[in-house]
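These protein sequences, in sequence, are chains A and B.
Counting in UniProt numbering, the first sequence runs from 1 upward without gaps.
Counting in UniProt numbering, the second sequence runs from 1 upward without gaps.
Think of the CB as a built atom: it goes at the ideal place given N, C-alpha and C, for glycine as much as any other residue.
Protein chains: 2
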Amino acid sequence: MPVTLADVAQATGLSASTVSRALSDPDKVNPHTRDRVRRAARELGYVPNQTARSLSSGHHDIIGLIVPDIANPFFPPIIKAIQARAGLKGKTVIITDVDEHPGDEVQRAQVIRKRVDGLIMVSPRASEERLHELAHLNPIVFVNRQVAGAANVLVDNADGMAEAVEHLTALGHRKLAYLNGPRRSWSNTQRREAIVAACAAQGVELVEYGPFEPQIQAGVRAADLVYASEVTAVIAYDDLIALGLMTRLAERGVRVGHDLSVIGIDDSPMSGMAYPTLTSIHVPGAEAGMTAVDLVLGMIENPSDEEPPVVQLETRLVVRGSTALAPAT
Amino acid sequence: MPVTLADVAQATGLSASTVSRALSDPDKVNPHTRDRVRRAARELGYVPNQTARSLSSGHHDIIGLIVPDIANPFFPPIIKAIQARAGLKGKTVIITDVDEHPGDEVQRAQVIRKRVDGLIMVSPRASEERLHELAHLNPIVFVNRQVAGAANVLVDNADGMAEAVEHLTALGHRKLAYLNGPRRSWSNTQRREAIVAACAAQGVELVEYGPFEPQIQAGVRAADLVYASEVTAVIAYDDLIALGLMTRLAERGVRVGHDLSVIGIDDSPMSGMAYPTLTSIHVPGAEAGMTAVDLVLGMIENPSDEEPPVVQLETRLVVRGSTALAPAT
DNA sequence: CTACATACTGCAAGCGATTGCCGCAATACC
DNA sequence: GGTATTGCGGCAATCGCTTGCAGTATGTAG
């Protein structure tokens, strides 16, 4: 039913090889022939069968992307950055959402890997050992998650976190809370350690709550814990939790940015749109995505056996309306 | 380098055909042989080459999904519903975000189509003619966009819109604004016509603004227009615009849900989390997604030449905190 | 006029699976 | 015990395209 290369060949009286070359390697064929082929292809409505092409050529011109949860606003900008960058290089991106099921990640990666030239996994949740199994299906790069022996694009939370604590102390806060993310989250470990270090360095008292899932609902739940405590400022594992927190606090009559300061992490698009606007630690997701694409593409072009590259990106605090002077005691 | 079927065949002393059957059609082979093959495959680390499998079998066990913008919170629930439903039936979903570039949609669809067994396009932005070209690459189903001659899952905005206007008039509002979505958006046309009809039916004065892009920023811009007008209630093309509107109005000291009522459309996850919570017209995205999957799968199983199915889903109003009695004049 | 590049194009061998058809042996039946 | 059945497994064709190699024609040089 569908038009194949052979049909075009027959229509033009040429061989399949020539048609193939005319279409995908124009320099190797006589300009006149090329045009004739192109015209015929167009007229017949020929669309190359990518599957066949991949099978014989060995590449797909696709890069695979695995994210934990597209509903989390942290990811879309990353995804878009990746798509844009890949598009620039003539690659298509296919996205898979594993819906926060760590168990699926590895398996999905294995399957997808067979259909793409390279893989990018953003913030994978699976255990280090399991991810390690994946390191071998090069090219693969892990974003926002350290996996020894594999290409990594990492985000260093320390700077931003230090800035955040510094910002709060400057505003007079002396006791603050950290709302933990998922217990097994690598990011949470990083962030938690960074804040503990920052608080210790700056002599601020820290209490912890959680773990909380990176969802608005969890922030709502967190709000009541915070409300009952005596902290004057809160740093949340991510913007979603911060947002849920703010909403719930507003309901209970707490004026965020006045009675209580809140800082989120990720600097997702929502943070500028909440009310009050959310002070947040900017995580360079888009840059990370673009870097990841460059790494994958690089690894595709010259697959070396050298130690895979590791890139570190930095975070910084973006101050908005949710942080203010500590209330007088 | 990679282990192939032939390798497993050689290792077991069997033929490739037998190995193939043992792996993908277990009943056609002796249990003992089957186990032997499985073990060998496991030991060798054999992973079937999906590309080859697709080429020869003609199917991919994948369904393609094209969405305009994953950053728009309206889509993730749909995407997840689609993935869940497809997963249940043993299919994988690959997502492509066309980033609101209508021009890309058709081309992307053509390309993707070659790698999947069926296609779902959610809220495509391209013109009807262009979409019509796609109708032929069956199975394909359009969600939230009517394309004559193709399978459709449509959402009827009329009910929800009527409820919304009714709700507002019951609260005493007599003059309201509609914030238009993108000019060429099919949904916007539907919604606009529905609200015009509802207002006419209920004797309410209507003013229109826009078009606005479905983004929070656009809502911010809309806010100033609304502020300067004399309406007491606003219905926005979607929740994002409504959210941006509310944020900006809050900044300007307008108490939404008191001085002014706001209704969004989509009932996206954000709406319950804003402050005040956003009254919104619930659009059954998840149901639409699931239905779409069922349609595609159905069309794959028995490709008929009959008129492709069209399913209509309904909307309803979900009242939250952003709507209240009209202020006394 | 022969000899040798040069430029295109065709041949045919894959890529790695699936699958219809056939043959063989073991089992069943009478 | 002879023949019809049935169950397994192998052969080989096929999916649609790419690509190394070889062949032919044209052009240039000697």
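Distance cutoff 8 Å, beta carbons only. Does residue 346/A sit that close to anything in chain B?
Missing from the structure shown is residue 346/A; chain A here goes from 1 to 329 and no further.
Can you name the residues of chain B whose CB is closer than 7 Å to the CB of proline 261/A?
Note that residue 261/A is serine in the sequence shown here, rather than proline. Here the premise fails: no neighbours, minimum Cβ distance about 17 Å.
Starting from tyrosine 227/A and walking both ways along the alpha helix (DSSP H), at which residues does that stretch end?
216-228
CB-CB under 6 Å to alanine 86/A, same chain, minus the five flanking residues each way: which ones, in chain order?
Ile63, Val93 and Val293
Determine whether the beta carbon atoms of alanine 151/A and proline 308/A lie at a separation below 8 Å.
yes
Evaluate lysine 28/B with the Cβ neighbour count: other Cβ atoms within 10 Å of its Cβ, from every protein chain shown; 16 or more gives buried, anything less gives exposed.
exposed
Is the separation between the beta-carbon of threonine 323/A and that of leucine 168/A shorter than 8 Å?
yes
Along the chain, where does the beta strand (DSSP E) that runs through methionine 121/A open and close?
118-122
With distances taken Cα to Cα, identify the nearest neighbour of serine 280/B among Glu287/B, Gly253/B, Val234/B and Pro124/B.
Val234/B
Just the Cα atoms here: how many angstroms apart are valine 231/B and threonine 247/A?
27 Å
So with Cβ pairs under 8 Å, would you call valine 318/A a contact of chain B?
no
With 16 other Cβ atoms within 10 Å as the buried cut-off, status of serine 15/A
exposed
Does the CB of alanine 71/B have a neighbour CB from chain A at under 8 Å?
yes
Please name the residue or residues paired with valine 143/A in a DSSP beta bridge.
Val122/A and Val153/A
Could you tell me whether any Cβ in chain A is nearer than 8 Å to the Cβ of leucine 55/B?
yes
Which residues of the segment 270-296 of chain B have a Cβ closer than 9 Å to any Cβ of chain A? Give them in chain order.
Met270, Gly272, Met273, Ala274, Tyr275, Pro276 and Thr277
Could you compute how far the alpha carbon of valine 165/B sits from the alpha carbon of alanine 236/B?
12 Å
Take arginine 36/A and list the residues in its own chain whose beta-carbon comes closer than 7 Å to its own, dropping the five residues that flank it on each side.
Thr12
Would you say lysine 80/A and aspartate 99/B are within 8 Å of each other, going by their C-beta atoms?
yes
Backbone CA spacing between asparagine 25/A and leucine 131/A [nearest angstrom]
According to the sequence provided, residue 25/A is aspartate. The question's asparagine does not apply to it. Their Cα atoms are separated by approximately 38 Å.
Kindly list, in the order they appear in chain B, the residues whose Cβ is closer than 8 Å to that of threonine 96/A.
Thr92, Val93, Ile94 and Ile95
Does DSSP put alanine 71/B in a helix, in a strand, or in coil?
coil
For glutamate 43/B, the three-state DSSP class (helix, strand or coil)
helix
Can you find at least 3 beta carbon pairs, one from the segment 95-112 of chain A and one from the segment 249-264 of chain A, that sit closer than 8 Å?
no
By the DSSP assignment, the beta strand (DSSP E) with arginine 261/B in it spans what residues?
Note that residue 261/B is serine in the sequence shown here, rather than arginine. Its beta strand (DSSP E) spans residues 261-266.
May I ask you to list, following chain order, the residues of the UniProt domain "HTH lacI-type" (3-57) of chain B that have a beta carbon less than 7 Å from some beta carbon of chain A?
Val47, Asn49, Gln50, Thr51, Ala52, Ser54 and Leu55
Where does residue 411/A land, buried or exposed, given buried means 16+ other C-beta within 10 angstroms?
Residue numbering for chain A in the displayed model covers 1 to 329; residue 411/A lies beyond these limits and cannot be assessed.
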